[in-house]
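Residue numbers (my numbering): 46 to 212.
Below, the structure is given as structure tokens:
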């Protein structure tokens, strides 16, 4: 916090005006970032965790409200892996790491031009138990946590990009 305060004080003393803009403030013509995010059509993502990521993105992008006519389309492809950790002498594992690798593209619908692309990665751990139901529930919880992390990352990256695109 001290470094940030010193940086802001230095910037204000140096005469920086307009160097910082709130991410969720107005974009110049009265249109806010929430309106821009509502113009993003989120394409279907295959699989249960793809559905989780898509649902979370929709909620984060539209805030539970209605989408606007789409101007952009977000396409996401995911790869899921699960790795056993802490392998015991009898060959069983005491834990697992669940990982999602997501590759995404933000496409302008009118021109079909890719505006933004990148990768996102998330890992979540789960513990193994003697009870089968506990293992299923722990694995499902890890998958849900990893999916939410991917959705949060994608939303932040898209919001940051859309805040810089001319209206």
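Glycine included, C-beta positions come from ideal geometry on N, C-alpha and C.
Just to confirm the assignment, what range does the beta strand (DSSP E) spanning residue 86 have?
Position 41 of the chain shown, counted from the start, is the residue given in the question as residue 86. Residue 86 -> beta strand (DSSP E) spans 85-87.
For residue 101 and residue 196, which I take to be in contact (beta-carbon distance under 8 angstroms), what is that distance rounded to the nearest angstrom?
As a working note, residue 101 is residue 56 in the chain shown. As a working note, residue 196 is residue 151 in the chain shown. Correct: roughly 4 angstroms between the Cβ atoms.
Taking DSSP as the reference, what is the three-state secondary structure of residue 111?
Working through the chain shown from its first residue, we reach residue 111 at position 66. Three-state DSSP puts residue 111 in coil, outside helix and strand.
Fully enclosed by the stretch 105-163, which beta strand (DSSP E) runs are 3 residues long or longer?
Here the runs fully enclosed are 117-132 and 138-153.
Starting from residue 205, trace the alpha helix (DSSP H) both ways and give me its first and last residue.
Position 160 of the chain shown, counted from the start, is the residue given in the question as residue 205. Taken as a continuous stretch (DSSP letters only), the alpha helix (DSSP H) holding residue 205 covers 177-207.
Return the bridge partner residues of residue 172 from the DSSP annotation.
Walking along the chain shown from the start, residue 172 turns up at place 127. The partner list for residue 172 (beta bridge, DSSP) reads 140.
I need the boundaries of the alpha helix (DSSP H) containing residue 79, first residue and last residue.
The residue labelled residue 79 in the question sits at position 34 within the chain shown. Its alpha helix (DSSP H) spans residues 78-82.
What do you get for residue 178, buried or exposed, if any count of 16 or more other CB atoms within 10 angstroms of its CB means buried?
As a working mapping, residue 178 is identified with position 133 in the chain shown. Exposed is the call here.
Between the beta-carbon of residue 149 and the beta-carbon of residue 136, is there less than 8 angstroms?
Taking the first residue of the chain shown as position 1, residue 149 is located at position 104. Taking the first residue of the chain shown as position 1, residue 136 is located at position 91. In this structure, residue 136 does not lie closer than 8 angstroms to residue 149 by Cβ.
DSSP puts residue 96 in a beta bridge; with which residues?
Translated into the one-based positions of the chain shown, residue 96 becomes position 51. Note: residue 96 sits in no beta bridge, so no partner.
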